[in-house]
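*Asks:* Pasting in a structure now, in structure tokens, and then I'll have a few things to ask.
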Amino acid sequence: MVCDVSTGFLDVLATRLPGPVESGALIPKLIDSADPHALESACEERDWVGLVDAVFAMDVFVHLDFNLVVGYMLSATKVLKPGGKLIFTFAEGTTEGSFAKMISEVDETIRHDAHPSTLSFRWVTVDLVRQTALRLGYEAELCDIDPHHRRDGRLVARLSDMERAKTIRRLR
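Residues in the sequence shown are numbered consecutively from 286, following my numbering.
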């Protein structure tokens, strides 16, 4: 399943990959960006809760406030099977490349009240992402700065502590 908040993206997906979409191998699903349980609801519709192998978001979370990212990380603890993977990139804000991008986006970000439509990055650190993953019940197998362009961070985490994840979800 491919979940997105953009009908435009899902239309492009269907145009570029008609075979997998028509066969049901690839299922486009529009989700509401204001629904904190959108990922869970999408999986509940298919009876996939607790059965998903991986949740993957490339170049998506770089544009989201970290509270939203944590919401998706937390939702993933419900839909992933034990040992399932959470994989995503994030905007790591401590390198020279990220600092330069941050400065170049300051005026536009402020002018637009940090609205996601600006596509500006929301900066965090490797340490914050790693510690949050651990506290949610994940084991970070990889959490670092992409060595190629030294700006985005990368997380590959395995859902390893189901009891911790359930306990944290009850706090929501």
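Ideal placement from N, C-alpha and C gives every residue a C-beta, glycine not left out.
Within 10 angstroms of the Cβ of residue 325, are there 16 or more other Cβ atoms? Answer buried if so, exposed if not.
*Replies:* Classification for residue 325: buried.
*Asks:* Okay, do the stretch 436-448 and the stretch 402-415 touch, 3+ Cβ pairs below 8 Å being the bar?
*Replies:* Short answer: they touch.
*Asks:* Suppose the cutoff is 8 Å on Cβ atoms and the five residues either side in sequence are ignored; what does the same chain contact list for residue 428 look like?
*Replies:* Closer than 8 Å at the Cβ level, and outside the excluded window around residue 428, lie 411, 414, 415, 418, 438, 439, 440, 441 and 442.
*Asks:* Quick one: what's residue 321 bridged to in DSSP?
*Replies:* Note: residue 321 sits in no beta bridge, so no partner.
*Asks:* With residue 289 as the anchor, note down where its beta strand (DSSP E) starts and where it stops.
*Replies:* Note, residue 289: beta strand (DSSP E), 287-289.
*Asks:* Determine the closest residue to residue 423 out of 397, 367, 334 and 296, with distance taken between C-alpha atoms.
*Replies:* Selected option, being the one with the closest Cα: 367.
*Asks:* Under 6 Å Cβ to Cβ from residue 358, same chain only, skipping five residues before and after it: list those, please.
*Replies:* Excluding positions up to five away in sequence, the list reads 421.
*Asks:* With 16 as the cutoff for other CB atoms within 10 Å, does residue 444 come out buried or exposed?
*Replies:* Answer is buried; the Cβ neighbour count reaches 16.
*Asks:* What residue range is occupied by the uninterrupted beta strand (DSSP E) comprising residue 373?
*Replies:* 365-377 is the extent of the beta strand (DSSP E) around residue 373.
*Asks:* I'd like the span of the alpha helix (DSSP H) that includes residue 305, first residue to last.
*Replies:* Start and end: 303-308.
*Asks:* Which of the three DSSP states is assigned to residue 422 in this structure?
*Replies:* Three-state result, residue 422: coil.
*Asks:* Assign residue 443 to one of three DSSP states: helix, strand, or coil.
*Replies:* Note: residue 443 maps to strand in three-state DSSP.
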